[in-house]
Amino acid sequence: MFKMPSPRSTKGFTAIELLVTIAILGVLAAIAAPSFKPLIERWKVRQVTEELQSTFYVARSEAIKRGGGITILRSGNTTDCTTVGSDTSLWSCGWTVFVDTNNDGKQDSGEDTLQTIALPSKVSVKLTGISEPTLIKVDRWGQLSAANAAIELKGSSEAQASTSSMCISSTGRIYTPDTGSTSCS
Numbered sequence: 001m002f003k004m005p006s007p008r009s010t011k012g013f014t015a016i017e018l019l020v021t022i023a024i025l026g027v028l029a030a031i032a033a034p035s036f037k038p039l040i041e042r043w044k045v046r047q048v049t050e051e052l053q054s055t056f057y058v059a060r061s062e063a064i065k066r067g068g069g070i071t072i073l074r075s076g077n078t079t080d081c082t083t084v085g086s087d088t089s090l091w092s093c094g095w096t097v098f099v100d101t102n103n104d105g106k107q108d109s110g111e112d113t114l115q116t117i118a119l120p121s122k123v124s125v126k127l128t129g130i131s132e133p134t135l136i137k138v139d140r141w142g143q144l145s146a147a148n149a150a151i152e153l154k155g156s157s158e159a160q161a162s163t164s165s166m167c168i169s170s171t172g173r174i175y176t177p178d179t180g181s182t183s184c185s
């Protein structure tokens, strides 16, 4: 004979218990989500800082290897990014590293692309302190034409925690100023 289990021996959750648990988790997630925004913004700024630094290292090593003729060119407005407008100092849509065989600062057909970087949304990159802010040339010794340039990277909020700076010295050394400083001097 088949014996029915007693109510005390039944294991598992009832539908009501499961719904209450899901509702509590939903409320906790809604409360916690806004506090992650500054953290995510700092991560994006840090990612872009590391991408830019990596780009400079790649461009310098390729210029030394190829005997010069490497250009880093900022990307203008595209269908995916319209943040730079007519401000030539903004690099917020990204950049391209290419072999500039005729040294004209423009990527012509037949000139190899070495690296293309598209930036995440809501990160602003501004290059100041040089005469030609739309491009950076690298000579055969690995020297950048952007000597004494200051690069400011910001998240979408104006919080100091989501701001970073990068500097290029007159010798071509790439460095970040001391914590809390945004000056390259």
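For the sequence shown, position 110 matches number 110 in UniProt numbering, and the numbering has no gaps at all.
Where is the CB? At the ideal position from N, CA and C, for every residue including glycine.
query, result
"What is the DSSP secondary structure of Lys122, counted as helix, strand or coil?", "coil"
"Select from Leu144, Gly94, Pro133 and Ala23 the residue whose C-alpha is nearest the C-alpha of Ser124.", "Gly94"
"Considering only their Cβ atoms, is the gap separating Val97 from residue 186 smaller than 8 Å?", "Absent from the model: residue 186. The displayed extent of the chain is 1 to 185, so no value can be given."
"Just reading off the beta strand (DSSP E) that Thr116 is part of, what are its end residues?", "Thr113 to Ile117"
"Candidates Ala33, Leu144 and Lys154: which alpha carbon is nearest Trp91's?", "Lys154"
"Counting along the chain, where does the alpha helix (DSSP H) carrying Thr96 start and finish?", "Not the alpha helix (DSSP H): Thr96 falls in the beta strand (DSSP E), residues Trp95 to Val99."
"Enumerate in chain order the residues of its own chain whose CB-to-CB distance from Leu135 is below 6 Å, with the five nearest sequence positions on each side excluded.", "Thr71, Leu73 and Gly105"
"Cutting at 8 Å between CB atoms, please list the residues of its own chain near Glu62, excluding the five before and the five after it.", "Ile70, Val97, Val99, Leu114 and Val138"
"Would Ile16 be called buried (16 or more neighbouring beta carbons within 10 Å of its own) or exposed?", "exposed"
"Measure the beta-carbon distance from Gln53 to Ile174 and round it to whole angstroms, keeping in mind my assumption that it falls under 8 Å.", "6 Å"
"By DSSP, does Ala30 sit in helix, in strand, or in coil?", "helix"
"Grouping DSSP H, G and I as helix and E and B as strand, with all else coil, what is Glu132?", "coil"
"Given this structure, state the Cα-to-Cα distance separating Ser170 from Gly129, to the nearest angstrom.", "12 Å"
"If you measure between the beta carbons of Glu152 and Lys122, is that distance less than 8 Å?", "no"
"Taking C-alpha atoms, which residue in Gln107, Gly26 and Lys65 lies nearest to Gly142?", "Lys65"
"To the nearest angstrom, how far is the alpha carbon of Arg46 from that of Asp178?", "15 Å"
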